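Colleague: Just passing along the structure, written as structure tokens.
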Amino acid sequence: MSAVVRARVGEVRMARGKLLEFYSSLDSSYRAVLDVRLARVLGKTFEEIALEKPDEIYQALSKAVGKHNADVFMIMYAKWLQRKAIGN
1 MSAVVRARVG EVRMARGKLL EFYSSLDSSY RAVLDVRLAR VLGKTFEEIA LEKPDEIYQA
61 LSKAVGKHNA DVFMIMYAKW LQRKAIGN
């Protein structure tokens with residue numbers, strides 16, 4: 001599944017497999033913070049949200065860690081996607 005998410009940083013394609021691959025490449029402490037905040041606010045982990053509705057990950061992150069941090073996540077994801085495209 002793939003969807004385009006409009007974030008304040010622009011449009012980012014949210015592919016379930018790529019999103020989870022990116023997430024697993026992050027530092028474990030960053031993943032832990034995201035999972036704890038998401039579970040506390042929404043009752044689900046990042047992976048659960050990404051598997052069920054990857055196009056809603058920006059909204060979920062915005063609620064859990066704030067818009068600025070959700071934007072930072074999306075920028076990191078977009079840059080990671082660009083590096084992967086260039087490397088292939």
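Oh and the sequence shown: position 66 is 66 in full-length UniProt numbering, straight run, nothing missing.
Every residue gets a Cβ at the ideal spot worked out from N, C-alpha and C, and that includes glycine.
These numbers come from a predicted model, not from an experiment.
According to the Cβ coordinates, are D35 and F46 closer than 8 Å?
Modeller: yes
Colleague: Where do the ends of the alpha helix (DSSP H) carrying D27 lie?
Modeller: Where D27 is concerned, there is no enclosing alpha helix (DSSP H), given that its DSSP letter is neither H nor E.
Colleague: Considering just the uninterrupted stretch of the alpha helix (DSSP H) at E63, what are its terminal residues?
Modeller: The sequence given here places Lys at residue 63; Glu does not occur at that position. Run containing K63: I57 to V65, per the alpha helix (DSSP H) assignment.
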